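Visitor: Submitted below is the structure of interest, expressed as structure tokens.
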Amino acid sequence: MRIFHNPDHDRHDSRSELHDGQLGRSFECPERMAVIRDALAAAGFAPPAPPPAPVPRALLERVHAPAYLDFLETAHARWVAAYRTPDAIAFTYPVPGLRRTAPPAPIAAALGYWSFSVDTCITEGSWGAARSAAACARAAALAAAEGPAFALARPPGHHAHGDLFGGYCYLNNAAIAAETLLEAGAARVAVLDIDYHHGNGTQAIFYGRGDVLTVSIHADPVQAFPYFLGHADEGGTGAGEGCNMNLPLPEGTAIAAWRAALDTACRRIAGHGAEALVVSLGVDTYEGDPISRFRLAEGDFPGIGARIARLRLPTVFVMEGGYAIAALGRNVAGVLGGFLGR
Ligand code: OKP
Ligand code: ZN
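Start counting the sequence shown at 1; every next residue gets the next number (the UniProt record's numbering).
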């Protein structure tokens with residue numbers, strides 16, 4: 001397993017996540033990478049490759065709107081110039097019934113134009129960290145032809161749309177990996193999202209396309225974030241009709257029902273004729289996760305990796321969620337070790 005990591009992710013450390021009515025340090029914190037690195041080393045994985053080359057702007061533009069990228073690049077400096085406080089936080093959104101025509105000039109309003117959830121602020125290091133995570137996803141995808149690869153990166157990406165940040169995500173790393181695989185010659189790619197939360201951004205980015213199948217197993221949005229997408233009847237549109245599959249499960253789901261959903265997902269991916277696979281690897285399905293409500297045990301994770309390996313596809317794992325710091329590293333190593341048949 002080749003591992004791609006960029007230590008400058010730690011420039012993104014949000015003090016300003018709105019959680020249960022209070023602003024505090026984000027669950028999505030730099031320590032997450034350290035515990036995963038340690039657990040992978042303890043499990044005998046080779047250390048990460050040197051930091052990858054920067055992600056090309058042209059690749060980002062295959063996934064994201066140019067004006068959105070320009071906004072992310074300049075948002076923090078604009079915020080500090082206007083307000084002199086450390087973190088840029090949105091407060092008003094152009095929801096249906098209001099007009100979302102062009103980004104407002106004031107930075108406070110532009111933040112709401114380009115985002116969908118107030119849990120995610122823009123810190124001084126957010127743009128640099130997001131780009132370095134995208135670079136890891138690209139490098140892992142470029143390596144996938146020679147063997148399985150893992151983008152050990154943060155911030156995560158699967159909630160980011162082409163023109164919206166939110167849910168701790170700014171750039172959609174899984175979508176960037178999928179586009180890289182297409183660019184490298186794959187005719188059809190599948191994205192399997194096993195994070196606890198629905199991958200709304202990944203779904204939205206590929207919703208009208210037939211070349212990328214998106215399959216997500218997640219907490220039912222009637223109960224869980226992102227609430228406003230991720231239902232079972234969202235199947236894709238136009239050329240993408242039939243190329244999105246959502247497998248929502250209720251809070252409290254344990255491995256038996258979860259594994260059955262994974263089997264359904266894998267059979268759909270095999271049926272799509274995908275030539276390469278991107279796995280949005282979240283382990284916030286773990287029973288000890290502080291913000292999630294599934295009941296997967298530490299010992300369940302290797303079997304998940306083993307089932308994915310049975311697809312026998314060039315595979316790129318991209319790190320998404322997982323917030324139970326004490327077990328996070330072992331759970332990630334469990335999935336990857338199971339994939340390798342260890
Ligand atoms: C990111 B990933 C509830 C706020 C929900 C968003 C969770 C984002 C999860 N108080 N916060 O999919 O793990
Ligand atoms: Zn999640």
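Yeah, the Cβ is synthetic: ideal placement off N, Cα and C, and Gly gets one too. Every value quoted in this text rests on a predicted model; they were computed, and no experiment measured them.
State the CB to CB distance for the pair R138 and P52, rounded to an integer number of angstroms; the pair is presumed to be in contact (CB under 8 Å).
Guide: Taking the first residue of the sequence shown as 1, we reach residue 138 at position 138. Taking the first residue of the sequence shown as 1, we reach residue 52 at position 52. Their Cβ separation, rounded to whole angstroms, is 7 Å, which keeps R138 and P52 in contact under 8 Å.
Visitor: Are the segment 269-282 and the segment 190-197 in contact at 8 Å, needing three or more beta carbon pairs?
Guide: Touching, yes, given that three or more Cβ pairs across the two stretches are closer than 8 Å.
Visitor: Can you grab the Cα-Cα spacing for the pair G44 / A81, in whole Å?
Guide: Here residue 44 refers to the residue found at position 44 when the sequence shown is read from its first residue. Here residue 81 refers to the residue found at position 81 when the sequence shown is read from its first residue. Computed Cα separation, rounded: 47 Å.
Visitor: When DSSP builds the beta bridges, which residues end up paired with N246?
Guide: Looking up residue 246 in the sequence shown gives position 246. Answer by DSSP bridge pairing, in chain order: S216.
Visitor: Since I believe D119 is in contact with G167 (beta carbons under 8 Å), could you give me their beta-carbon distance rounded to a whole number of angstroms?
Guide: If you number the sequence shown from 1, residue 167 lands on position 167. If you number the sequence shown from 1, residue 119 lands on position 119. So it is a contact: roughly 7 Å between Cβ atoms.
Visitor: Would you mind reading off the limits of the beta strand (DSSP E) that contains F317?
Guide: Within the sequence shown, residue 317 is the residue found at index 317, counting from 1. Note, F317: beta strand (DSSP E), 315-319.
Visitor: Following a CB-centred definition, is G157 positioned closer than 7 Å to any heavy atom of the ligand ZN?
Guide: For the purposes of this step, residue 157 is identified with residue 157 of the sequence shown, where counting begins at 1. For the ligand ZN, not one heavy atom lies less than 7 Å from the Cβ of G157.
Visitor: Quick one: Cα of A270 to Cα of L340, how far?
Guide: Position 270 of the sequence shown, counting from 1, holds the residue named residue 270. Position 340 of the sequence shown, counting from 1, holds the residue named residue 340. So the two alpha carbons sit approximately 19 Å from each other.
Visitor: Would you mind working out which of R259, H218, A34 sits nearest A333, comparing C-alpha positions?
Guide: For the purposes of this step, residue 333 is taken as the residue at position 333 of the sequence shown. Closest by alpha carbon: A34.
Visitor: For R2, list the residues DSSP reports as bridge partners.
Guide: What you label residue 2 is simply residue 2 of the sequence shown in a count that begins at 1. In DSSP, R2 forms a bridge with A149.
Visitor: Report the three-state DSSP secondary structure of Q22 (helix, strand or coil).
Guide: Numbered from 1 along the sequence shown, position 22 holds the residue referred to as residue 22. Of the three classes helix, strand and coil, the one that applies to Q22 here is strand, per DSSP.
Visitor: Are the beta-carbon atoms belonging to G252 and P302 less than 8 Å from one another?
Guide: As a first step, residue 252 is located in the sequence shown; it is residue number 252 there, counting from the start. As a first step, residue 302 is located in the sequence shown; it is residue number 302 there, counting from the start. It is not a contact, given that the beta carbons lie outside the stated cut-off.
Visitor: Rounded to whole angstroms, what's the CA-CA distance from I107 to L313? Just pull it up for me.
Guide: Within the sequence shown, numbered from 1, the residue matching residue 107 stands at position 107. Within the sequence shown, numbered from 1, the residue matching residue 313 stands at position 313. Rounded to the nearest angstrom, the two C-alpha atoms are 44 Å apart.
Visitor: Where R209 and P66 are concerned, what is the direct C-alpha to C-alpha distance, given to the nearest angstrom?
Guide: As a working note, residue 209 is residue 209 in the sequence shown. As a working note, residue 66 is residue 66 in the sequence shown. Near 20 Å, if we compare the C-alpha coordinates of P66 and R209.
Visitor: Going by DSSP, what residue range makes up the beta strand (DSSP E) through V189?
Guide: Sequence index remark: in the sequence shown, residue 189 carries index 189 (1-based). Residues 189-193.
Visitor: Could you give the distance in angstroms between the alpha-carbon of G329 and the alpha-carbon of Y323?
Guide: As a first step, residue 329 must be located in the sequence shown, where it is residue number 329. As a first step, residue 323 must be located in the sequence shown, where it is residue number 323. Distance between the alpha carbons of G329 and Y323: 10 Å.
Visitor: Any heavy atom of the ligand OKP closer than 7 Å to the CB of H5?
Guide: Residue 5 sits at position 5 when you count from the first residue of the sequence shown. No, the Cβ of H5 stays beyond 7 Å of every heavy atom of the ligand OKP.
Visitor: For a test of your reading of the model: does the CB of H197 fall under 7 Å from any non-hydrogen atom of the ligand PLP? Yes or no.
Guide: As presented, the structure is devoid of the ligand PLP, carrying the ligand OKP and the ligand ZN as its sole ligands.
Visitor: The ligand ZN heavy atoms versus the CB of G166: any closer than 7 Å?
Guide: Position 166 of the sequence shown, counting from 1, holds the residue named residue 166. It does not: the Cβ of G166 is nowhere closer than 7 Å to a heavy atom of the ligand ZN.
Visitor: Taking 7 Å as the line, does the beta carbon of residue 398 fall inside it for any heavy atom of the ligand OKP?
Guide: Any answer about residue 398 is impossible in this case: the structure gives the chain only from 1 up to 342.
Visitor: If distances are taken between C-alpha atoms only, which option among R342, I217, V316 comes closest to D284?
Guide: For the purposes of this step, residue 284 is taken as the residue at position 284 of the sequence shown. Measuring from the Cα of D284, the nearest candidate turns out to be I217.
Visitor: When we look at the beta-carbon of Y83 and count the other beta-carbons within 10 Å, is it buried (16 or more) or exposed?
Guide: Walking along the sequence shown from the start, residue 83 turns up at place 83. It counts as exposed.
Visitor: Assuming E320 contacts D195 (C-beta within less than 8 Å), just tell me the rounded distance between them.
Guide: Numbered from 1 along the sequence shown, position 320 holds the residue referred to as residue 320. Numbered from 1 along the sequence shown, position 195 holds the residue referred to as residue 195. Confirmed, Cβ separation roughly 4 Å.
Visitor: Just the C-alpha distance for I3 and L23, rounded to the nearest angstrom, thanks.
Guide: Counting from 1 along the sequence shown, the entry for residue 3 is found at position 3. Counting from 1 along the sequence shown, the entry for residue 23 is found at position 23. For I3 and L23, the distance between alpha carbons rounds to 34 Å.
Visitor: Mapping the DSSP letters down to three states, classify E61 as helix, strand or coil.
Guide: Numbered from its first residue, the sequence shown carries residue 61 at position 61. DSSP places E61 in helix when its eight states are reduced to three.
Visitor: Leaving out five residues on either side along the sequence, give the residues of the same chain with a beta carbon under 7 Å from the beta carbon of G240.
Guide: Along the sequence shown, one-based indexing puts residue 240 at 240. Hits under 7 Å: F206, Y207, G208, R209, G210.
Visitor: Between the C-alpha atoms of I176 and G299, what's the straight-line distance to the nearest angstrom?
Guide: Here residue 176 refers to the residue found at position 176 of the sequence shown. Here residue 299 refers to the residue found at position 299 of the sequence shown. In a straight line, the C-alpha of I176 is about 31 Å away from that of G299.
Visitor: Cα separation between H237 and L229?
Guide: Here residue 237 refers to the residue found at position 237 of the sequence shown. Here residue 229 refers to the residue found at position 229 of the sequence shown. Residue 237 is actually Thr in this sequence, not His. Roughly 15 Å between the two C-alpha positions.
Visitor: Could you pull the start and end residues of the alpha helix (DSSP H) that A276 belongs to?
Guide: For this step, residue 276 is matched to residue 276 along the sequence shown. No alpha helix (DSSP H) holds A276; the beta strand (DSSP E) holding it covers 276-281.
Visitor: Would you kindly work out how many angstroms separate the C-alpha atoms of R99 and A109, rounded to a whole number?
Guide: Position 99 of the sequence shown, counting from 1, holds the residue named residue 99. Position 109 of the sequence shown, counting from 1, holds the residue named residue 109. Cα to Cα, R99 sits roughly 13 Å from A109.
Visitor: Let's test the definition: count the other Cβ atoms within 10 Å of the Cβ of Q203 and tell me whether it reaches 16, buried, or not, exposed.
Guide: For the purposes of this step, residue 203 is taken as the residue at position 203 of the sequence shown. When all chains shown are included, Q203 counts as buried.
Visitor: Return the chain-ordered list of same chain residues with a C-beta closer than 7 Å to the C-beta of S115, the five sequence neighbours on each side being excluded.
Guide: Locating residue 115 in the sequence shown gives position 115, where the first residue counts as 1. These residues qualify, in order along the chain: A90, L164, F165, G166.
Visitor: For D220, is the beta carbon positioned less than 7 Å from some heavy atom of the ligand OKP?
Guide: By one-based count along the sequence shown, residue 220 stands at place 220. Incorrect: D220 has no Cβ contact closer than 7 Å to the ligand OKP.
Visitor: List the DSSP bridge partners of S117.
Guide: Walking along the sequence shown from the start, residue 117 turns up at place 117. S117 is not bridged to any residue.
Visitor: How about D284: is its Cβ closer than 7 Å to a heavy atom in the ligand ZN?
Guide: By 1-based counting over the sequence shown, the position of residue 284 is 284. Yes, the beta carbon of D284 sits closer than 7 Å to at least one heavy atom of the ligand ZN.
Visitor: Suppose you measure from the CA of A256 to the CA of S14; what does that come to, to the nearest Å?
Guide: Here residue 256 corresponds to residue number 256 of the sequence shown, with the count starting at 1. Here residue 14 corresponds to residue number 14 of the sequence shown, with the count starting at 1. Answer to the nearest angstrom: the Cα atoms are 36 Å apart.
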